[in-house]
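Step one of this worksheet: look at the structure below.
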Amino acid sequence: MDRAAAASQAEGPGTEGLSFRAACHANGRTGYLTQRLVSTHFSMPRTLHLPHSADPHLFQAHDVFPSGLQGRVLAIGNFDGVHLGHASVVALTARLAAHLEAQPGVLTFEPHPRSFFQPDRPVFRLSDAELKAARLRELGVDGMLALSFNASLAAMPAEAFLDDLLIRRLRVAGLVVGEDFRFGQRRTGNLDLLRSRVGERVVVAPPFMLDGEIVSSSKIRQALENGDVAQATTLLGRPWRLRGEVRHGDKRGRELGFPTANMWLADDCRLAHGIYAVRMRVDGIWRDGVASYGRRPTFDNGAPRIETFLFDFSGDLYGKTVDLDLMAWIRPELKFDGMEPLIAQMNRDAAQARALLAGA
0 MDRAAAASQA EGPGTEGLSF RAACHANGRT GYLTQRLVST HFSMPRTLHL
50 PHSADPHLFQ AHDVFPSGLQ GRVLAIGNFD GVHLGHASVV ALTARLAAHL
100 EAQPGVLTFE PHPRSFFQPD RPVFRLSDAE LKAARLRELG VDGMLALSFN
150 ASLAAMPAEA FLDDLLIRRL RVAGLVVGED FRFGQRRTGN LDLLRSRVGE
200 RVVVAPPFML DGEIVSSSKI RQALENGDVA QATTLLGRPW RLRGEVRHGD
250 KRGRELGFPT ANMWLADDCR LAHGIYAVRM RVDGIWRDGV ASYGRRPTFD
300 NGAPRIETFL FDFSGDLYGK TVDLDLMAWI RPELKFDGME PLIAQMNRDA
350 AQARALLAGA
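Rendered as structure tokens:
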């Protein structure tokens, strides 16, 4: 399956999208609700531009939830990166919500549960809560509930998570989960427990396959760690995006004739050190450029940061929050013997980035 077809299958939940029959057959179950949903097709626009809401609020497990987040059909998961597989889950959630005359929503967790249980080995996050919410809005979901994954939530019995949080306080109209979904203290909650309370309004999303393999956040992380931007883009269905504030650096790029916008990424970022063709959104306008991510071994071998040189741009970016899309890999980070070979290579990198972006 090519990238365009994969994106169509993930985001277009009409006749080419996942069927509820397939979702339920994955568990060997069909029922009256399933049969009705199979015979009726529901559509959702591929990309919506909903009004921008405030940055997602991080809720505690015992908070009182806003009425706007109650009564929804919720897809539950980490949704890290909101890749093609997640888009297919959102499409499935939208169809179930339409059938139940409810609104779709997503329940996710911050930080990633694995980072909570293994703080010495934090997960390389593909998207923070803000970027996750923005992508979900593009897919038509304006209701993302981010739960703080802390000791209190980790210790909550499965029955309490289901009966008190999901049913009593969120008043869920339905649920969409993965085949291996587990919840509650020691992961004792499972699909059988969900179905015992919610019945047929629990739908299992089958794995999303691309070229015979399951699309997953883990595979995207591995691709980015290897500098395989093309593979990451294919699995995401779009370029990988970073968001951050432009901060003051050491001004060395300006001295070399390549003034850069400097951003420090999260400590858990394991993006391959190297040179990338990029696009940066500044004040709503996308601009082409070339970026270096790494420790600058020619100079100080310091803490990793990403430094972006924008083509044909002049302006003050300090203090601005910008989006940066990785479009293509150029080469690994290298150490040079002096300024002249470094500047010559930077010119070649810029030329290659221009050529790559011209065809993107």
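For what it's worth, numbering that gives the first Met the number 0 labels the leading residue of the sequence shown as 0, then goes sequentially. Every residue gets a Cβ at the ideal spot worked out from N, C-alpha and C, and that includes glycine.
Classification of residue 216 by the beta-carbon crowding that lies within 10 angstroms, buried from 16 upward: buried
Where the beta strand (DSSP E) containing residue 287 begins and where it ends: 284 to 293
At least 3 beta-carbon pairs within less than 8 angstroms: the stretch 112 to 120 vs the stretch 195 to 212: no
Helix, strand or coil at residue 120 [DSSP, three-state]: coil
C-alpha gap between residue 105 and residue 237, whole angstroms: 20 angstroms
According to DSSP, residues forming a beta bridge with residue 263: DSSP output for residue 263 lists no bridge partner at all.
Cβ contact (3+ pairs, closer than 8 angstroms) linking the stretch 204 to 213 and the stretch 182 to 192: no
Inter-residue Cα distance where the pair is residue 173 and residue 101: 9 angstroms
Span of the beta strand (DSSP E), counted from its first residue to its last, around residue 299: Element bounds for residue 299: n/a, residue is neither H nor E.
Limits of the unbroken beta strand (DSSP E) element including residue 274: 273 to 281
Residue range of the beta strand (DSSP E) that includes residue 147: 143 to 147
The stretch 264 to 273 in contact with the stretch 220 to 240 per 3-pair CB rule at 8 angstroms: yes
Euclidean distance between Cα positions of residue 317 and residue 165: 43 angstroms
N- and C-terminal bounds of the beta strand (DSSP E) containing residue 65: Element bounds for residue 65: n/a, residue is neither H nor E.
Residue 152 - DSSP class collapsed to helix/strand/coil: helix
Segment limits, beta strand (DSSP E) that includes residue 241: 239 to 244
Distance between residue 307 and residue 378 (C-alpha atoms, nearest Å): Past the boundaries of the shown model lies residue 378; the chain is included only from 0 to 359, so the question cannot be answered.
Continuous alpha helix (DSSP H) stretch holding residue 252: start and end: 251 to 254
Cβ-based neighbour list, residue 69, same chain, cut-off 7 angstroms, excluding 5 preceding and 5 following: 169 and 170
Residue 233 versus 309, 327 and 142, residue with shortest Cα-Cα distance: 327
Three-state class that DSSP yields for residue 171 in the structure shown: coil
Whether residue 330 touches residue 274 by CB criterion (8 angstroms): yes
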